[in-house]
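**Student:** In the working numbering, the protein residues as written are 27 to 436.
Cβ atoms here follow ideal geometry from the backbone N, Cα and C, with glycine treated the same way.
Treat the numbers as computed from the prediction; the structure is a model and nothing was measured.
1) Using DSSP bridges, identify the partner residues of residue 277.
2) Mapping DSSP to helix, strand and coil, what is residue 369?
3) Measuring CB atoms only, is the stretch 197-207 touching the stretch 136-151, in the sense that at least three cross pairs come out at less than 8 Å?
4) Count the C-beta pairs between the stretch 346-356 and the stretch 293-300 that are closer than 8 Å, then say yes if the count reaches three, no if not.
5) Report the CB separation of residue 85 from residue 187 in whole angstroms; it is logged as a contact under 8 Å.
6) Out of 418, 67 and 214, which has the shortest C-alpha to C-alpha gap to residue 283?
7) Just to confirm the assignment: which complete alpha helix (DSSP H) runs, minimum length 4, are found wholly within the stretch 277-308?
8) For the alpha helix (DSSP H) holding residue 196, just list the boundary residues, first then last.
9) Quick check: what's the CA-CA separation for residue 153 versus residue 83?
10) Which first and last residues belong to the beta strand (DSSP E) in which residue 47 is found?
11) Could you compute how far the alpha carbon of residue 240 sits from the alpha carbon of residue 40?
12) Closer than 8 Å by C-beta to residue 136: which residues in its own chain qualify, once you throw out the five before and the five after it? Chain order, please.
13) Can you round the beta-carbon distance between residue 428 and residue 274 to whole angstroms, since I take them to be within the 8 Å contact cut?
14) Residue 168 and residue 42 look like a contact to me (Cβ under 8 Å); what is the Cβ gap, rounded to whole Å?
15) Using C-beta distances below 6 Å, list every residue in its chain close to residue 224, excluding the 5 sequence neighbours before and after it, in chain order.
16) Are three or more beta carbon pairs between the stretch 348-367 and the stretch 377-393 nearer than 8 Å?
17) At what residues does the beta strand (DSSP E) containing residue 419 begin and finish?
18) According to DSSP, is residue 340 part of a helix, a strand, or is it coil?
19) What three-state label does DSSP hand residue 261 in the structure shown?
20) Can you tell me where the beta strand (DSSP E) with residue 216 in it begins and where it stops?
21) Which partner residues of residue 60 appear in the DSSP bridge assignment?
22) Buried or exposed for residue 366, please, with buried defined as at least 16 other CB atoms from any protein chain shown within 10 angstroms of its CB.
23) For residue 455 versus residue 57, is the C-beta spacing smaller than 9 Å?
24) Let me know the secondary structure DSSP gives residue 161 once reduced to three states.
25) Under 9 Å, do residue 267 and residue 175 count as touching if we go by C-beta distance?
26) For the beta strand (DSSP E) that residue 109 lies in, which residues bound it at each end?
27) Can you list, in chain order, the residues of its chain whose CB lies under 8 Å from that of residue 80, leaving out five sequence neighbours each side?
28) Please classify residue 394: does DSSP put it in a helix, a strand, or coil?
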């Protein structure tokens with residue numbers, strides 16, 4: 027059963043927890059839980075809590091000390107990992123195939139039975155504080171954080187995932203346990219597996235170890251960020267280089283428009299050296315060392331941004347060239363040949379990004395958590411190929427309906 031990588035099987039446990047399974051042949055497997063809980067769900071007094079819980083969930087359970095947690099997967103050559111975004115937390119393991127029982131049991135123990143011992147939390151607070159300091163010391167990261175504070179003004183999407191040194195210093199084990207109780211339940215979670223083990227075996231392990239995850243509804247008190255006026259700001263940090271973020275927010279984007287946005291982003295500022303912005307700002311004029319664009323997708327809006335670093339005297343020219351590139355995309359349809367080449371490049375990059383079992387599994391978990399279909403490589407390729415030149419012009423036009431907002435650290 028399910029001996030096709032294009033097929034995803036899903037089933038729900040009695041608690042309502044969705045289990046998503048994708049068979050992939052080979053010697054590696056990845057499984058974990060995705061939780062609809064991120065920095066966006068924090069109260070003002072809880073800034074940094076989602077990320078802090080992600081760090082400290084490994085620090086001991088009712089039957090394991092921290093040492094035993096971190097060695098459980100490593101002793102078989104596997105890895106236990108986690109990360110936090112503004113809207114989600116992932117806890118997962120990647121391992122040589124057929125260590126599934128070990129991985130599922132450990133992940134279940136962490137999300138159900140973590141104790142958050144005070145002594146371990148005190149040590150981890152220093153680790154997170156150092157992480158915060160490293161961000162503050164990196165102007166290219168700091169300008170992006172400040173930009174999001176502005177573009178999502180008065181919204182919980184704005185504040186930094188890490189919190190502040192002061193906010194993290196206040197967090198306690200009771201705060202962590204309360205966060206888990208509030209968010210780590212079946213209505214806000216999904217379990218995912220990708221690898222060669224059979225669906226029946228994975229479901230048997232899910233029933234055995236995950237059935238005790240408490241039931242709960244999927245309701246959310248998230249409020250869509252309010253519109254903000256376009257801004258053009260700068261901040262003096264006495265840096266030898268100016269760091270600029272430009273972009274815009276799109277609300278109420280339909281599913282049909284995500285593929286044109288992704289393709290447009292790749293054409294303008296994707297990882298290829300032949301992206302239009304890299305050619306314009308670096309290859310042709312030598313103005314920047316790096317320029318790239320990105321899309322951040324949230325449950326009720328999308329943020330598109332461009333980052334570049336340059337000598338301060340070149341900032342205005344670079345800003346003009348970025349705006350010009352988006353305007354050109356909105357005004358001039360791509361030729362059939364150029365569009366076909368752009369699609370081939372984008373699909374190749376997507377293939378490479380999903381080639382590993384881990385990336386594929388995380389994508390499966392994210393889709394399951396959001397209630398979206400997981401698109402197989404064949405379906406994804408067909409959808410990208412269906413994007414038209416008019417679709418690209420339309421999404422670019424939406425990005426410049428209002429002026430691009432800009433923030434520069436100089």
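**Tutor:** Straight from the coordinates:
1) For this step, residue 277 is matched to residue 251 along the chain shown. Residue 277 pairs with 327.
2) Position 343 of the chain shown, counted from the first residue, corresponds to residue 369. Of the three classes helix, strand and coil, the one that applies to residue 369 here is helix, per DSSP.
3) Touching, yes.
4) The stretch 346-356, when compared against the stretch 293-300, does touch it at the 8 Å Cβ threshold.
5) Numbered from its first residue, the chain shown carries residue 85 at position 59. Numbered from its first residue, the chain shown carries residue 187 at position 161. The Cβ separation is near 19 Å, so there is no contact.
6) Translated into positions along the chain shown, residue 283 becomes position 257. The option with the nearest alpha carbon to residue 283 is 418.
7) List check, alpha helix (DSSP H) in window: 284-295.
8) For the purposes of this step, residue 196 is identified with residue 170 of the chain shown, where counting begins at 1. Its alpha helix (DSSP H) spans residues 191-196.
9) Position 127 of the chain shown, counted from the start, is the residue given in the question as residue 153. Position 57 of the chain shown, counted from the start, is the residue given in the question as residue 83. Note on geometry: alpha-carbon atoms of residue 153 and residue 83 lie some 14 Å from one another.
10) Counting from 1 along the chain shown, the entry for residue 47 is found at position 21. Counting along the chain, the unbroken beta strand (DSSP E) around residue 47 starts and ends at 44-49.
11) Counting from 1 along the chain shown, the entry for residue 240 is found at position 214. Counting from 1 along the chain shown, the entry for residue 40 is found at position 14. Here the alpha carbon of residue 240 sits roughly 10 Å from the alpha carbon of residue 40.
12) Taking the chain shown and counting its residues from 1, the one referred to as residue 136 is at position 110. Result list for residue 136: 83, 84, 87, 95 and 117, in chain order.
13) Here the question's residue 428 lines up with position 402 in the chain shown. Here the question's residue 274 lines up with position 248 in the chain shown. Going by Cβ atoms, the distance from residue 428 to residue 274 rounds to 7 Å, so yes, they are a contact pair.
14) Indexing the chain shown from 1 puts residue 168 at position 142. Indexing the chain shown from 1 puts residue 42 at position 16. No, residue 168 and residue 42 are not in contact; Cβ-Cβ is about 41 Å, not under 8 Å.
15) Start at 1 with the first residue of the chain shown, and residue 224 comes out as number 198. For residue 224, where only same-chain residues beyond five positions count, there are no Cβ hits under 6 Å.
16) Too few Cβ pairs lie closer than 8 Å, so no.
17) If you number the chain shown from 1, residue 419 lands on position 393. For residue 419, there is no enclosing beta strand (DSSP E); the enclosing alpha helix (DSSP H) covers residues 415-425.
18) Sequence index remark: in the chain shown, residue 340 carries index 314 (1-based). Of the three classes helix, strand and coil, the one that applies to residue 340 here is helix, per DSSP.
19) Within the chain shown, the letter at position 235 stands for residue 261. In this structure, DSSP gives residue 261 an extended state, which the three-state scheme calls strand.
20) Reading the chain shown from its first residue, position 190 is the one you call residue 216. For residue 216, the uninterrupted beta strand (DSSP E) segment begins and ends at 215-221.
21) Here residue 60 refers to the residue found at position 34 of the chain shown. 116 and 216.
22) Reading the chain shown from its first residue, position 340 is the one you call residue 366. Looking at its Cβ environment, which holds fewer than 16 other Cβ atoms inside 10 Å, residue 366 is exposed.
23) Summary: the structure shown does not reach residue 455, with the chain confined to residues 27 through 436, and so no result is reported for it.
24) If you number the chain shown from 1, residue 161 lands on position 135. Of the three classes helix, strand and coil, the one that applies to residue 161 here is helix, per DSSP.
25) Indexing the chain shown from 1 puts residue 267 at position 241. Indexing the chain shown from 1 puts residue 175 at position 149. Contact: no.
26) Start at 1 with the first residue of the chain shown, and residue 109 comes out as number 83. Counting along the chain, the unbroken beta strand (DSSP E) around residue 109 starts and ends at 105-110.
27) What you label residue 80 is simply residue 54 of the chain shown in a count that begins at 1. Same-chain partners within the cutoff: 108, 109, 110, 115 and 117.
28) By one-based count along the chain shown, residue 394 stands at place 368. In the structure shown, residue 394 adopts helical secondary structure according to DSSP, grouped into three states.
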